[in-house]
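Each remark here refers to the structure printed beneath this line.
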Amino acid sequence: MGKAYRAERVFLRDESFGLSGSAGFIEALKTKSQQRSESSASISSAPDESQTAAQLIRQARGILVICHIMPDGDAIGSLLGLAWALHKLGKEHTLACADPVPDSFVYLPGSEDIVSYPEGNYDLVISLDCSDLKRLGVAYDQNSLRGVPIINIDHHVTNVGFGSVNWVDPNSAATAQMVLTLIERLGVPLDPTIATCLLNGIVTDTRGFRTPNTTPAVMEAATRLMMAGASMSEITQQVFNRRPLAVVRLWGRALSAVQLDDRIIWTEINQAMKHECGFSSDSGDGLVGFLTSACEADVGIVFTEKDNGTIDVSIRSMPGIDISNVAMRLGGGGHPQAAGCNLNSSLAEARERVLAELRRSLLEQAAAININ
Ligand code: 5GP
Ligand code: MN
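Heads up: the sequence shown is residues 1 to 372, going by this note's numbering.
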C-alpha cells in the first residue's frame, strides 16, 4: 500500500452545547481579523483562525485552558506552554485536564497547577489537542460553561469542529507547533520555560522527529524553541530514555503474548498484568509504537483494560495506511498513522470489533489503490 489516504474532515458544529449565543460575535471578529490580516504583512502563512484566537485571548478576562483526557506530551506541553505565555500577558487563567499528568511530563514547569475540576468564572475556553468535546472529559462542565466561547486549537484530522472558533490544522505535526504560532501572534517573547513545554509537545508527537509529518517547518519551529533555551537532550531523556521498571516489566509481559495475523500485530494488557507488574497508569505508554516496529506488520494495536473497566485501544500504522477512519468509526479519532478509541466492552469483544473494522478498512484502502 504505497499511497497516503486522508479521512474527510467533517466540521460539524454541535449546537447542543449552546454556543450559538456567541456565534454572531465570533463571525464579526473573524471578518475583522481577516481584514486585518489582509492588510498586514506579519506572519501571513498561518490561517485566519489564529488571528481570531489571538484577538479573543486579548479581550478575555478569565480563561479556562483544557487538554484531552489521558493526556500525552503534546497535550500537556501545549497546555503549559500557552499557560506561561498567558502568565506573561497578565491573563487570569486556569489549567485543566480530567486525568493526571503522566510521570514523564511532571518535569515540565507548572504541571502541578493542572486541576481536574476547574472552578471559577470564565469568559473564554481554549481547548488544546482535542478532537471532540467528549474528550475533554470532566474538565469541561457543560452546564457552568454554557454560552462561553470555545477556541478549538488542534491538529487531528478527525476534529469535529466543536468550537466557536475552530483552528484545526492537520498539517501541523503537533498542537504545540500551533501554540507557538499563537504565542508569536500574541507578541509574547519566548523564554526557556515556554520553549521547553512546546518542544516537549513537538518531540513527543513526532516520536522524536521520526513521523512522516516531520517537515522542514517542524524542524524550523524546533530550532526556534532551542534557540529560546529549550534543551533537546533533556526533553528526549525525560520522555523517551527513562521509564519506571514497572513499565519495562509490563512491556515484557505484553510482548511475550503478541499476536500477528495478516500484517496486523496486537497485544493486550489486562488489570491483573498491571497489578502484577506494579503499573498504576491507564496507558500502554509507548508500547504500541514499539510493537508496530515489527517488519512483518503494517498495523499495530494495544488493547488496555483501564481501571474503570473500559478498553483503551491504541493503533499505529505504517505510512500510507490510514487508521484514523477506523478509530473514528469506533467512536474515537486521531491521525492517519496514530489513532485510538475507548470501548465499553470486554477485552475479547474489543479485539474482535477492532480487528473486524480494521480488516474491512484495509480491504477498502487496497481496493481504492487498485481503482486509482
Ligand atoms: P494514543 O494511541 O497515543 O492514545 O492516541 C493516538 C492518537 O489518537 C492521539 O492523537 C489521540 O489524541 C487520539 N486518540 C486516542 N484515543 C482516542 C479517543 O478515544 N478518541 C479520540 N477522539 N481520539 C483518540
Ligand atoms: Mn497532538
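We put the CB at the ideal spot given by N, CA and C, even for glycine.
message: Quick check: is any heavy atom of the ligand MN less than 8 Å from the C-beta of Asp-129?
response: When distances are taken from the beta-carbon of Asp-129 to the heavy atoms of the ligand MN, the shortest one is below 8 Å.
task: Determine the DSSP secondary structure at Ile-114, reduced to helix, strand or coil.
output: In this structure, Ile-114 counts as coil in the three-state DSSP scheme.
field: Cβ-based neighbour list, Asn-270, same chain, cut-off 7 Å, excluding 5 preceding and 5 following
entry: Only Glu-305 and Leu-347 meet the Cβ criterion.
- prompt: Less than 8 Å between the CB of Asp-298 and some heavy atom of the ligand MN, yes or no?
  reply: In terms of side-chain proximity, the C-beta atom of Asp-298 is found no nearer than 8 Å to any non-hydrogen atom of the ligand MN.
- prompt: For Thr-196, does the three-state DSSP call read helix, strand or coil?
  reply: DSSP, read as helix, strand or coil, puts Thr-196 in helix.
message: Is the beta carbon of Ala-98 closer than 9 Å to that of Leu-136?
response: Going by C-beta atoms, Leu-136 is nearer than 9 Å to Ala-98.
- prompt: Distance, Cα to Cα, Glu-119 vs Ile-321?
  reply: Between the alpha carbons of Glu-119 and Ile-321 lies a gap of roughly 43 Å.
message: Taking DSSP's pairing of strands, which residues face Asn-152 in a bridge?
response: Note: Asn-152 sits in a beta bridge opposite Ser-127 and Asn-166.
query: Name the DSSP beta bridge partners of His-93, please?
result: Answer by DSSP bridge pairing, in chain order: Ile-63.
message: Please identify the residue among Thr-204, Val-248, Tyr-140 and Glu-234 whose C-alpha is closest to the C-alpha of Tyr-440.
response: Residue 440 falls outside the range modelled here, since the chain spans only 1 to 372, and no answer is possible.
task: Indicate the three-state DSSP secondary structure (helix, strand or coil) for Leu-145 in the structure shown.
output: The DSSP-derived three-state label of Leu-145 is coil.
field: Buried versus exposed, by CB contacts within 10 Å (16 or more), Ala-173
entry: By the C-beta density criterion, Ala-173 is buried, having at least 16 other C-beta atoms within 10 angstroms.
query: Can you pull the DSSP bridge partners for Phe-303?
result: Beta bridge pairing from DSSP links Phe-303 with Glu-268 and Val-313.
query: By a C-beta neighbour count over all protein chains shown, 10 Å radius and 16 as the cutoff for buried, is Ile-63 buried or exposed?
result: Buried.
N- and C-terminal bounds of the alpha helix (DSSP H) containing Gln-259: Going by DSSP, Gln-259 is part of no alpha helix (DSSP H) but of the beta strand (DSSP E) stretching over 259–261.
query: Where does Cys-341 fall in DSSP's three states?
result: When DSSP states are grouped into helix, strand and coil, Cys-341 belongs to the strand group.
Cβ shell of Ala-350 (< 8 Å), same chain only, five flanking positions each side left out: Excluding its 5 nearest sequence neighbours in each direction, Ala-350 has C-beta neighbours in its own chain below 8 Å: Phe-303, Ile-311, Val-313 and Leu-343, listed in chain order.
- request: Report the residue from Leu-287, Gly-278 and Met-226 whose alpha carbon sits nearest the alpha carbon of Ala-254.
  value: For Ala-254, the closest of Leu-287, Gly-278 and Met-226 by C-alpha to C-alpha distance is Leu-287.
query: Going by DSSP, which residues form a beta bridge with Gly-332?
result: Paired residue(s): none; Gly-332 is not in a bridge.
- prompt: Among Cys-295, Gly-187 and Glu-268, which one has its Cα closest to the Cα of Ala-85?
  reply: Considering only alpha carbons, the answer is Gly-187.
message: Using a Cβ distance threshold of 8 Å, determine whether the segment 121–133 contacts the segment 98–108, with at least three qualifying pairs required.
response: Contact annotation: the segment 121–133 does not touch the segment 98–108, with fewer than three C-beta pairs closer than 8 Å.
- prompt: By a C-beta neighbour count over all protein chains shown, 10 Å radius and 16 as the cutoff for buried, is Thr-223 buried or exposed?
  reply: The residue in question, Thr-223, is exposed, as its Cβ has fewer than 16 Cβ neighbours within 10 Å.
query: Quick one: is the Cβ of Asp-99 within less than 8 Å of any heavy atom of the ligand MN?
result: For the ligand MN, not one heavy atom lies less than 8 Å from the Cβ of Asp-99.
message: Does the contact criterion of 3 or more C-beta pairs under 8 Å hold for the segment 259–277 versus the segment 322–329?
response: No, because fewer than three Cβ pairs between the segment 259–277 and the segment 322–329 fall closer than 8 Å, the two stretches do not touch.
query: Is it true that the segment 224–233 meets the segment 251–266, where meeting means three or more beta-carbon pairs spaced less than 8 Å apart?
result: Touching, no.
message: I need the straight-line Cα distance from Gly-300 to Gln-142, nearest angstrom please.
response: The straight-line gap from Cα to Cα measures roughly 35 Å.
message: Using a Cβ-Cβ cutoff of less than 7 Å, which residues in the same chain neighbour Ala-53 once the five nearest sequence positions on both sides are dropped?
response: If you ignore the 5 residues before and after Ala-53, its C-beta comes within less than 7 Å of the C-beta of Ile-151, Ile-153, Val-165, Trp-167 and Leu-182, all in its own chain and listed in chain order.
message: Does Glu-364 come out as helix, strand or coil in the three-state DSSP assignment?
response: Residue state for Glu-364 is assigned as helix, using DSSP reduced to three classes.
message: Helix, strand or coil, according to DSSP, for Ile-321 in the structure here?
response: In the structure shown, Ile-321 sits in coil (DSSP, three-state: anything other than H, G, I, E or B).
message: Quick check on His-275: does DSSP put it in helix, strand or coil?
response: In this structure, His-275 counts as helix in the three-state DSSP scheme.
query: Exposed or buried, Gly-333, counting other C-beta atoms within 10 Å across all chains shown (16 or more means buried)?
result: Buried.
- request: Using the Cα positions of Val-258 and Ala-294, report the straight-line distance between them to the nearest angstrom.
  value: The straight-line gap from Cα to Cα measures roughly 11 Å.
Nearest-angstrom Cα separation, counted from Arg-242 out to Arg-316: Looking at the two C-alpha atoms, the distance is approximately 22 Å.
message: If you reduce the DSSP assignment to three classes, tell me which class Met-308 lands in.
response: Reading off the sequence shown, one finds Asn at residue 308, where the question assumed Met. DSSP, reduced to helix, strand and coil, places Asn-308 outside both helices and strands of the structure shown, so it counts as coil.
- request: Using only the heavy atoms of the ligand MN, determine whether one of them is closer than 8 Å to the beta carbon of Asp-74.
  value: Taking 8 Å as the cut-off, the C-beta of Asp-74 counts as close to a heavy atom of the ligand MN.
- request: Report the rounded CA-to-CA distance for Gln-237 versus Thr-204, giving the unit in angstroms.
  value: Each residue's alpha carbon lies about 12 Å from the other.
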